[in-house]
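First up is the structure itself, then whatever we jot down about it.
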Amino acid sequence: MVLTLVCITLASCGRSSQTAGEKLAQANCAVCHMFPDPQLLDKKTWVSGVLPQMAPRLGLPAGSLYEETSRNPYVTVLSRPVSQTDWQAIVRFYEERAPVVLSEQSLPAEPQLDPPFFTTGPFIPGLQSSAIITLLKADSVNDRIFVGEAVSNTLRIFDFNRHLKSTLRLGSAPTDVISDKDRILVLESGNLAPNDEPSGSLVAYQLAGDGSLRRPVTVIDSLFRPVFVERYDFDGDGRPEYVICEFGNNRGRLALYRAGATGGSRYQRQVLDASPGAIRFEIRDMTGDGAPDIVALFAQADERIVLFENDGAGRFGGRQRVLARFPPVYGSMYFTL
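Here our numbering = 1-based position in the sequence shown + 300.
Following this line, the structure appears as structure tokens:
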């Protein structure tokens, strides 16, 4: 009888410890993003990769002077730090619940290309490239194909017959482009690696008759690792605004840039969302009032799709809604409406 009671007591303690760790994880690991289920990653990745990265964000003290001095000052930290005891319970929860190896995913069948219409091959045989392509975009109006790459920080422009028309060496990797008849606006990342410095920019280049790009003029500067831009006249005043995804790292934003009231070249920034990870958006009337809204994908930590509603007069900053939310380990890249 005594042995039976002892076994029951020990089993109950084990279950309560796991339950405590799970509750702590749900309470603290879902403050900044969707709760990450242990089944999403394997045990080694949780214990050796993700959790050590999360510890400072939950307010855990640095393990050494080096860690203390090298911490990024822009890392978001919980206002109420997690105690060492609670942290160990969270670690145990993920260590115990995570699989040793992730189970194989059942993926849909790969699409079959129709041989009479599609063939695969190099875009330009023999073209030297760093293979880190940061921009690929077609302009069907002006018959241009833009190819940007990192390492060499090069932007190449081809026609639709794949003839090279222009090559431009930039200060940083290009990530997007707006193409007009006689000029292009290039979104330059500043530093493509994860960083929190506002060193990106939107730069206008005049397109000469021979296809060369000349007279660069910075339209908007101080961008946090920008990756996507579109131009749209939301308020109908004849002066288009720019919406830019500034992915950043710990700092970032989705921002709307309006021309100054005096009609000068300076643009005024309106931050629609001050969190990092903005990677793409679409402009679409989602409310049926005839005014174009902004639907944006964020892919850093709090991965989500957000609707920013136009007030009907081309202004934003009022109502916004989260349309979908994803686990923070997904690494969302793209969506379309």
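C-beta: ideal position from N, C-alpha, C; glycine also.
Best match in the options for proximity to residue i [C-alpha to C-alpha]
i	options	result
Glu504	Pro494, Asp480 and Asp496	Residue 504 is actually Ala in this sequence, not Glu. Looking at the Cα atoms, Asp480 is the closest of the given residues.
Asp496	Pro576, Ile544 and Leu502	Pro576
Ala601	Leu470, Pro336, Asp482 and Ala389	Pro336
Phe534	Asp611, Ala362 and Leu358	Asp611
Arg444	Asn372, Gly511 and Gly538	Gly511
Leu468	Ala508, Gly321 and Lys343	Ala508
Ala389	Gly538, Arg456, Ala325 and Phe417	Ala325
Ala599	Trp387, Gln405, Gly552 and Thr376	Gly552
Val331	Lys343, Val350 and Thr376	Thr376
Arg392	Ala320, Gly631 and Asp585	Ala320
Ala450	Gly588, Ala473, Asn442 and Asp589	Ala473
Beta-carbon proximity check, residue i vs residue j, cutoff 8 Å
i	j	result
Asn328	Leu378	yes
Val477	Leu427	no
Ile594	Ile579	no
Met334	Phe626	yes
Thr475	Leu487	yes
Asp521	Ser489	no
Asp573	Leu554	yes
Glu603	Pro628	yes
Cα-Cα separation, residue i to residue j
i	j	result
Asp439	Lys465	14 Å
Leu513	Ser429	20 Å
Glu322	Phe616	39 Å
Pro416	Ser348	49 Å
Gln570	Val622	19 Å
Glu395	Trp346	7 Å
Ala561	Arg531	18 Å
Leu351	Tyr374	19 Å
Asn453	Ser499	15 Å
Phe254	Ala613	It is not possible to answer for residue 254, since the shown part of the chain is limited to 301 through 637.
Phe423	Trp387	51 Å
Ala591	Ser632	27 Å
The beta strand (DSSP E) enclosing residue i, as first and last residue numbers
i	result
Gln506	Gly500 to Leu507
Phe528	Pro526 to Tyr532
Phe598	Asp593 to Phe598
Gln568	Tyr567 to Asp573
Ile433	Ile433 to Asp439
Leu427	Note, Leu427: premise wrong, no beta strand (DSSP E); not H, not E.
Residue-chain proximity (residue i, chain D), Cβ-Cβ < 8 Å
i	result
Asp533	The structure shown has no chain D; it contains just one protein chain.
The alpha helix (DSSP H) enclosing residue i, as first and last residue numbers
i	result
Asp386	Gln384 to Arg397
> Three or more beta-carbon pairs under 8 Å between the region 444-461 and the region 394-405, yes or no?
Replying inline: no
>> For the pair the region 548-558 and the region 522-532, tell me if three or more CB-CB distances fall below 8 Å.
In response: yes
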